[in-house]
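Chemist:
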Amino acid sequence: MNRLGHLFTVGLVMSIVVSCSSGGGGAAPAPGKAWHHPASLSDNISPDGSTAMVPRAAADASGAALVVWSQNDGSFFRAYKSEFRNGVWSHPTSTAERFDPGGAHVNGHQAVMDDNGNTVIVWVQDQLGIYKSEYRNGVWTHPTSSLDRVNNNSTTGATAPRVAMDNSGNAIIVWQQSDGSKQQIYMREYRGGNWSAVPALTTRFSPTGQDAYNAQVAMDNNGNAIIVWEQNDGTFGTTFSQIYKREYRGGNWAAVPALTSRVSPTGEHAYWPQVEMDDLGNAVIAWMQYYVTSTACGFMGFAGPCSAVFMSEYRDSIWTSPTSTAQHISPTANNTTTSVPSVAMDGNGNAIIAWAQSDGVSQCTTGPAMWSPCTNIFKSEYRSGVWSHPTTTAQFINPSGAGITASSPQVRMNATGDAIIGWRGNASSSNDCMGSSMPCSQIYKSEYRNSAWIHPSSLADNISPDGQEANLGGVALSNNGNAFIVWGQQDGAVPQSYSQIFMSEYR
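All residue numbers for the sequence shown refer to my numbering, where the first residue is 529 and numbers rise by one.
1. For K710, does the three-state DSSP call read helix, strand or coil?
2. Counting Cβ pairs, one atom from each stretch, are 3 or more of them under 8 Å apart for the region 917–937 and the region 902–909?
3. Tell me the rounded alpha-carbon separation between H983 and T763.
4. In the DSSP output, what is I846 paired with across the bridge?
5. If you compare alpha carbons, which of Q655, R719 and T919 is closest to G685?
6. Between the alpha carbons of G552 and R1035, how many angstroms are there, rounded?
7. Would you please state the rounded distance, in angstroms, between the beta carbons of R843 and G877? I believe it to be under 8 Å.
8. Taking its Cβ as the centre, do 16 or more other Cβ atoms sit within 10 Å of A556, making it buried, or is it exposed?
9. Here's a check: name, in chain order, each residue in its chain whose Cβ is nearer than 7 Å to the Cβ of N572, leaving out the five neighbours to either side.
10. Just verifying my parser: in three-state terms, what is the DSSP assignment at Q599?
11. Going by C-alpha to C-alpha distance, which of E975, S610, M581 and T944 sits closest to S598?
12. Determine the DSSP secondary structure at G539, reduced to helix, strand or coil.
13. Below 8 Å on the Cβ atoms is my guess for T853 versus P793; work out the distance and round it to an integer in Å.
14. Give me the Cβ distance between N698 and Y718, rounded to the nearest whole Å; I'm assuming they're in contact under 8 Å.
15. If we call anything under 7 Å between Cβ atoms a contact, is M747 one with F733?
16. Quick one: using the 10 Å Cβ neighbour count with 16 as the cut-off for buried, is L487 buried or exposed?
17. Let me confirm a value: T623 is counted as buried when at least 16 other C-beta atoms fall within 10 Å, else exposed. Which label applies?
18. Could you name the residues of the same chain whose beta carbon sits closer than 7 Å to that of W723, not counting the 5 residues immediately before and after it, in chain order?
19. I need the DSSP call for V871, collapsed to helix, strand or coil.
20. By how many angstroms is the C-alpha of N1010 removed from the C-alpha of G666?
21. Could you name the residues of the same chain whose beta carbon sits closer than 6 Å to that of E662, not counting the 5 residues immediately before and after it, in chain order?
22. What three-state label does DSSP hand R677 in the structure shown?
23. Based on Cα-Cα distance, which residue from T865, H856 and W617 lies nearest to W915?
24. Quick one, which of N999, N862 and Q759 has its alpha-carbon nearest S935's?
25. Would DSSP call G1001 helix, strand or coil?
26. Starting from Y799, follow the beta strand (DSSP E) in both directions and report where the run begins and ends.
27. In angstroms with no decimal places, state the Cα-to-Cα distance between Y972 and R952.
28. Could you check the C-alpha separation between Q1045 and A786 for me, to the nearest Å?
29. Less than 7 Å between the beta carbons of A607 and R690, yes or no?
30. Going by Cα to Cα distance, which pick from W981, D946 and D601 is closest to R626?
31. Looking at the unbroken beta strand (DSSP E) that takes in A725, where does it start and where does it end?
32. DSSP three-state label for C902, please.
33. Taking 7 Å as the threshold (C-beta atoms), are N1007 and N942 in contact?
34. Taking the beta strand (DSSP E) that T794 falls in, what are its first and last residues?
35. Could you spell out where the beta strand (DSSP E) holding N954 opens and where it closes?
36. For a test of the three-state rule: what should DSSP assign to E625, helix, strand or coil?
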């Protein structure tokens, strides 16, 4: 399948939303802590009167938190943030409170915090480049002009920034940018109190000669790091997208890998790698890859490849990776499709991989998801030295109903092993969305606290306000157990309804 077809397939289940609920599906709260959810569609944290979208969340060890999003200020979509510091939330009250340099739309924003509250936000300013804001020593530093780019100042577009930090404030930003011929991966890092120089277009992080996409980065608390990406392998006759990695260990980056040094098994396209590290340098990489034996997973009657979730891990100083497309961790790969996986690790090597997967029927025959794949949420989990993977498509964690879809989960763990998995899913099996003949998708979650999982038990166990579609969000989880979940949702205002940013928090 070509890249356009791949993106269309992934787009069916790509909306990433994470949430938690104190109703059915909430774990027993810690003493003195509870979930606080928006009570109505007027309980947004973004300024009223314009469209706000794609929130992301981050938190430090003690519960300080940050939410970032883009919102229309009347001319462009600009960058906005809410902060929880010193026990108080600070939300913007007007669209004048943006922090980007302006001149183009903001998108692709990401945020990360270390355990001391230091923060880095990265984003793309269309046609201009990649920018960052930093919070260090109690002070924010924002770009002041369009010249304050992270990337090389050239005519080649830079996109898809990602960022990671360790607990000493060191940070790494990765992105993709054309070198004038091919898309390549580039990197800058903050070590010893300084950022590395802006790389020249010839200073590629990825091997040359083939397009590279979708980089992700993770760091442990000793400054070690891993960057992963997908790249065409240059196979003669048929070029496949495969997964690659480079590591920073012992104070040095590994050499640029050869195109033959793949993490993923050969012979089928592999996409959207995700990576996490624990405090000890252990790591997990997960990705989606097509399954060679079947094309039974098309759409609207057209043949198409089936897909599965794969993983590679680094433990006891050894990498273990799959050597064939039969070594997937998701069940029943010969007649199902999977979404982009999400990966999390705690401080001691425990790990969770979560994904959405179709139920083996290429098109739902009834209900809200008719003519699209019915999907459920699955997880693999590593605890006490053992992986536990689902073995059948009946082992999903979401509440179900006829023709229901649950899609694109996101998972987070804290240093003590607590975890949250959240997803976007239909709130009922009827067309119940206000002003629409379609069902509303809402936000759901599962929680692991006190050594036990509690999952939502019914379609009514959503945390987002009913009546409007909920979309695209993120989650943050502090070491002290505090959690922050954010999403975008129409506010239902009359005469003009706008998408706004909503938040649930556990504290």
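In this text, a Cβ means the ideal position worked out from N, Cα and C, and glycines have one as well.
Modeler: In terms of the structure at hand:
1. Counting from one through the sequence shown, the residue named residue 710 turns up at place 182. Note: K710 maps to coil in three-state DSSP.
2. yes
3. Counting from 1 along the sequence shown, the entry for residue 983 is found at position 455. Counting from 1 along the sequence shown, the entry for residue 763 is found at position 235. Computed Cα separation, rounded: 44 Å.
4. The count along the sequence shown starts at 1 and reaches residue 846 at position 318. Answer is R843, bridged to I846.
5. Locating residue 685 in the sequence shown gives position 157, counting from the first residue. If we check each option's Cα against that of G685, Q655 comes out closest.
6. One-based indexing of the sequence shown puts residue 552 at position 24. One-based indexing of the sequence shown puts residue 1035 at position 507. Reliability fails at G552, whose pLDDT of 37 lies under 50, so the model's placement of it is uncertain and the value that follows must be treated cautiously. So the alpha carbons of these two residues sit roughly 18 Å apart.
7. Translated into positions along the sequence shown, residue 843 becomes position 315. Translated into positions along the sequence shown, residue 877 becomes position 349. Indeed, because the Cβ distance is near 7 Å, the residues count as touching under 8 Å.
8. In the sequence shown, residue 556 corresponds to position 28, counting from 1. Bear in mind that a pLDDT of 47 at A556, under 50, signals an unreliable position, so the number given afterwards is only what the model happens to contain. Exposed is the call here.
9. To locate residue 572, count along the sequence shown from 1; it is residue 44. Counting only Cβ-Cβ distances below 7 Å, and skipping sequence neighbours, we find D1019, Q1028, I1029 and F1030.
10. By one-based count along the sequence shown, residue 599 stands at place 71. Here Q599 sits in strand by DSSP.
11. If you number the sequence shown from 1, residue 598 lands on position 70. For S598, the nearest C-alpha among the options comes from M581.
12. Numbered from its first residue, the sequence shown carries residue 539 at position 11. In this prediction, G539 scores a pLDDT of 37, lower than 50, which makes its location untrustworthy; the coordinate-derived value is nonetheless stated afterwards. G539 falls in the helix class under three-state DSSP.
13. In the sequence shown, the residue the question calls residue 853 occupies position 325. In the sequence shown, the residue the question calls residue 793 occupies position 265. So it is a contact: roughly 5 Å between Cβ atoms.
14. Your numbering for residue 698 matches position 170 in the sequence shown. Your numbering for residue 718 matches position 190 in the sequence shown. Contact flag correct, Cβ pair sits at about 6 Å.
15. Mapped onto the sequence shown, residue 747 falls at position 219. Mapped onto the sequence shown, residue 733 falls at position 205. Their beta carbons are not under 7 Å apart, which means M747 does not touch F733 by this criterion.
16. For the chain, the structure presents residues 529 to 1035; residue 487 sits outside this window and is missing.
17. Against the sequence shown, residue 623 aligns to sequence position 95. Looking at its Cβ environment, which holds 16 or more other Cβ atoms inside 10 Å, T623 is buried.
18. Here the question's residue 723 lines up with position 195 in the sequence shown. Closer than 7 Å at the Cβ level, and outside the excluded window around W723, lie R716.
19. On the sequence shown, residue 871 is found 343 positions in, with the first residue counted as 1. Correct three-state label for V871: strand.
20. The residue labelled residue 666 in the question sits at position 138 within the sequence shown. The residue labelled residue 1010 in the question sits at position 482 within the sequence shown. Their Cα atoms are separated by approximately 21 Å.
21. The residue labelled residue 662 in the question sits at position 134 within the sequence shown. Cβ within range, chain order: V648 and T669.
22. Here residue 677 is taken as the residue at index 149 of the sequence shown, counted from 1. Of the three classes helix, strand and coil, the one that applies to R677 here is coil, per DSSP.
23. Residue numbering aside, residue 915 sits at position 387 when the sequence shown is read from its first letter. Selected option, being the one with the closest Cα: H856.
24. Numbered from its first residue, the sequence shown carries residue 935 at position 407. Residue N999 is the option with its Cα nearest to S935.
25. Taking the sequence shown and counting its residues from 1, one reaches residue 1001 at position 473. Of the three classes helix, strand and coil, the one that applies to G1001 here is strand, per DSSP.
26. For the purposes of this step, residue 799 is taken as the residue at position 271 of the sequence shown. It spans A798 to M805 - the beta strand (DSSP E) in which Y799 sits, taken as one unbroken run.
27. The residue labelled residue 972 in the question sits at position 444 within the sequence shown. The residue labelled residue 952 in the question sits at position 424 within the sequence shown. Those two C-alpha atoms are separated by around 6 Å.
28. This structure gives no information on residue 1045, because the portion of the chain shown stretches from 529 to 1035.
29. The residue you call residue 607 lines up with position 79 of the sequence shown. The residue you call residue 690 lines up with position 162 of the sequence shown. No, the Cβ-Cβ distance between A607 and R690 is not below 7 Å.
30. Along the sequence shown, one-based indexing puts residue 626 at 98. Nearest option by C-alpha distance: D601.
31. Here residue 725 corresponds to residue number 197 of the sequence shown, with the count starting at 1. From DSSP, A725 is part of no beta strand (DSSP E); its letter is neither H nor E.
32. In the sequence shown, counting from the first residue as 1, residue 902 sits at position 374. Three-state DSSP puts C902 in coil, outside helix and strand.
33. Residue 942 sits at position 414 when you count from the first residue of the sequence shown. Residue 1007 sits at position 479 when you count from the first residue of the sequence shown. Result yes, Cβ atoms of N942 and N1007 sit closer than 7 Å.
34. Start at 1 with the first residue of the sequence shown, and residue 794 comes out as number 266. Unbroken run through T794: none, as it is neither H nor E.
35. For the purposes of this step, residue 954 is taken as residue 426 along the sequence shown, with counting starting at 1. Per DSSP, N954 belongs to the beta strand (DSSP E) from A947 to N954.
36. By 1-based counting over the sequence shown, the position of residue 625 is 97. Coil.
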